[in-house]
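If you're matching positions, the sequence shown starts at 25 in the numbering used here and goes up one per residue.
Working notes for the structure below.
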Amino acid sequence: RAKETIGEMDVRPSDFLKHLKEPVAGTRSAIRAADYMETTLSLLKKKLLRIVKGKFNITDVLSRKQKEIISKATGCDYQIRSIRCPRSSIYRTITGECNNRKHYYFGASNHGYARWLPAEYEDGVSLPRGLTEGKLYNGFPLPLVRKVSNEIIHTANENVTEDQERSLIFMQWGQWVDHDLDLAPFTTTKIDHKEVHCETSCTFEPPCFPIKIPPHDPRIKNPNTCMPFVRTAPVCNARTFVREQINAITSFLDASMVYGSEVPLAKSLRNQTNQLGLMALNQNFTDAGLGLLPFENKSQSLCLFTNKIMNIPCFKAGDARATENLGLTAIHTLFVREHNRLAIELKKLNPCWDGEKLYQEARKIIGAMTQDPNGTKPGGIDPLLRGLLVDHAKLMKQNQMVIEELQERLFEQVEIIGLDLAALNLQRGRDHGLPGYNAWRQFCGLSQPRNLAELSEVLRNRKLAKKFMDLYGTPDNIDIWIGAMAEPFVPNGRVGPLLACIIGSQFRKLRDGDRFWWENPGVFTPQQRRALSSSSLPRVLCDNTRIREVPRDVFRVNRYPEDFVNCRMIDRLDLSPWRQRSN
């Protein structure tokens, strides 16, 4: 719907967000089945309310046989059907299926996220936390997310403190990796029907969960206005029927943002004009002879409406968010070029290899580069990349969490209210039924503050702790995102103890739960692993741009020229271990 209607009016900030998260292809089919399931349960509960007294969960009154019938009728049984995995495969599937031989769908695209703690929904099944105004949680109502954003998050652009150790590419690589792991698309339920418009509606009517504006908001003066918010799409959960969210992409570090997470998309991103295993490049423009990302379907591109005079569509990549910001687009471009460079070099080493073999081997190497922390040592895209190498990252401070540009003007267009990234993040946590701050502290084996004094000690900031207590009433209710962000850094880190635990646990699972992890025996030969351990992001920059001087550690703040070396000083990736020996 977003793509059908954007030409009828000025583009709204919510249209940009919808464009980035709109489900397509297999994702759309999976969501439709889950939506049918949820709608069926909702209708059944309404009917049962007439005859069943008191509160109840619909999932508790249905028999196993009834649940099976509902699953079959809604199409959920097809979404969670068993498939036969090949006994041996040296390459990942595009969808991530069959990585785990016992549970073929673990980490696969269009399946649910893993839950480390049980969901906490308002009705125990699907309704978001904080939906009913005034409802008490642990004795206190949840504050409006926009109010939390205004009182704790807001940082004027001119008050930003630069990180004296980390470069801007440190942030950009973090977003790059995140876009390899998760994409929570919007639900499509009722979006296609004219009676519901989440862009303008200020009432909760699925899938709309609008962000209400508190009194005396510093920017938005109309009390009847709200910020649009569409709930994350559900996924079929025939086991418990409790709402779970769909991940539209693979959950592995597999460079899916380069290659896609569905087979039709992956095929469309390849150069089909030859058998060289190359990725498709832009046919209209080049970067002074170097390749650029191809354009997406011109008639459906939101970018056509951001600058109607230029008439240029958005770029097309393995992830729909490739044009979210220029730095991200530059990294996407860099790795498509690197794939093609690798495929060409591998063809020189192995003239007998066909296009599929060249594509898969280059893809495998790009995946290893994404996984290997040593391999990413701490007018075109070159100026953007130079800026990422030299500019400082923003330092996360307790009184400078999110800059004004993101908190007040996300995707802002002239005369149209921009979105609030912090409020969106907080609302998303409630939409997903994420438990509060102390539940996660307990999960990580950390202390759970119970009052102002204890929270002040954890945050080492009494003024900030008091703001939290005034807003939430109890540390138990603090939204996980803002609570974790507020903690002081662990030694040599850029996050506090809670995020260090959560992120550390996540990356351990990414490594240990991936059959194709680059260090696992049999994935690469010992000689190939040694070669990969010397690969680096600076070398990728040297090989795929006209940049000729780079820092050895791109993630640290570097000063030009003293911290830069000539590209000749940066080790090349030795591809000789990929030469196929004749029998």
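Glycine residues also receive a C-beta, built at the ideal position from the N, C-alpha and C atoms.
Keep in mind that this is a model prediction, so the values were computed, not measured.
query, result
"Go to R88, then tell me how far its alpha helix (DSSP H) extends in each direction, as first and last residue.", "R88 to T98"
"Confirm, please, whether the CB-CB distance from G457 to G167 is below 8 Å.", "One point to set straight first is that residue 167 is Pro, not Gly, in the sequence displayed. Taking 8 Å as the Cβ cut-off, P167 and G457 do not qualify as a contacting pair."
"What residue range is occupied by the uninterrupted alpha helix (DSSP H) comprising E268?", "Taken as a continuous stretch (DSSP letters only), E268 belongs to no alpha helix (DSSP H), being part of the beta strand (DSSP E) at E268 to N271."
"Taking 8 Å as the threshold (C-beta atoms), are F253 and I235 in contact?", "yes"
"From A510 to G520, what does the alpha carbon distance come to, in whole angstroms?", "8 Å"
"Whose CA, out of G154, L382 and S323, lies closest to the CA of N295?", "L382"
"When DSSP labels each residue in this structure, what does N124 get in the three-state scheme?", "coil"
"So, under 8 Å CB-CB, R170 and M251 are touching, yes? Tell me the CB distance rounded to an integer number of Å.", "7 Å"
"When you compare only the Cα positions, how much space is there between M493 and P459?", "17 Å"
"DSSP on S150, reduced to helix/strand/coil?", "coil"
"Determine the closest residue to I82 out of T63, C100 and G99, with distance taken between C-alpha atoms.", "T63"
"Whose C-alpha, out of I336, F130 and T98, is nearest the C-alpha of D536?", "F130"
"Select from R486, L479, P242 and R263 the residue whose C-alpha is nearest the C-alpha of K91.", "R263"
"Mapping DSSP to helix, strand and coil, what is Q333?", "In the sequence under discussion, the amino acid at residue 333 is Ile, which differs from the Gln named in the question. If DSSP states are grouped into helix, strand and coil, I333 belongs with coil."
"Give the straight-line distance between the Cα atoms of G403 and I93, rounded to the nearest whole angstrom.", "Note on G403: pLDDT 47, under 50, position unreliable in the model; the coordinate value appears next. If you take the alpha carbons of G403 and I93, they lie about 59 Å apart."
"Where in the region 481–554 do unbroken runs of the alpha helix (DSSP H), each at least 4 residues long, occur, reported from the N-terminal end onward?", "486–496, 504–510 and 521–536"
"Would you tell me roughly how many angstroms separate the C-alpha atoms of E268 and C260, rounded to the nearest one?", "8 Å"
"Using the beta-carbon count (16 or more within 10 Å), is I55 buried or exposed?", "buried"
"So, are the CB atoms of Y461 and G497 less than 8 Å apart?", "no"
"Tell me which residues share the same chain as L542 and place their Cβ nearer than 8 Å to its Cβ, disregarding the 5 neighbours each side in the sequence.", "It is Trp, not Leu, that sits at residue 542 in the sequence shown. Counting only Cβ-Cβ distances below 8 Å, and skipping sequence neighbours, we find G391, A392, Q395, D396, F548, R553 and L556."
"Report buried or exposed for K372, applying the criterion of at least 16 other Cβ atoms within 10 angstroms of its Cβ.", "exposed"
"On a CA-only basis, which of G50, T569, D206 and S66 is nearest T357? Give me that one, please.", "T569"
"Is it the case that the Cβ atoms of C566 and V574 are separated by a distance below 8 Å?", "yes"
"Could you tell me whether the region 44–53 touches the region 279–290, using the rule of 3 or more Cβ pairs below 8 Å?", "yes"
"Could you pull out every residue in the same chain whose Cβ sits closer than 7 Å to the Cβ of W602, ignoring the five residues on either side in sequence?", "L370, L373, E385 and Q552"
"R484: buried (16+ other C-beta within 10 angstroms of its C-beta) or exposed?", "exposed"
"Among the residues of its own chain, which have a CB less than 6 Å from the CB of V149, if the five just before and after it don't count?", "N81 and V266"
"In the structure shown, what three-state DSSP assignment does V564 receive?", "helix"
"Residues in the same chain with beta-carbon distance under 6 Å from W197, minus the five sequence neighbours each way, listed in chain order, please.", "none"
"For K388, which three-state DSSP category applies?", "helix"
"Pull up the distance between the alpha-carbon of L300 and that of I571, whole angstroms please.", "26 Å"
"At 4 residues or longer, what runs of the alpha helix (DSSP H) sit wholly inside the region 442–485?", "445–455, 461–467 and 476–483"
"Tell me the DSSP secondary structure of F174 in three-state form.", "In the sequence on display, residue 174 carries Asn and not Phe. Helix."
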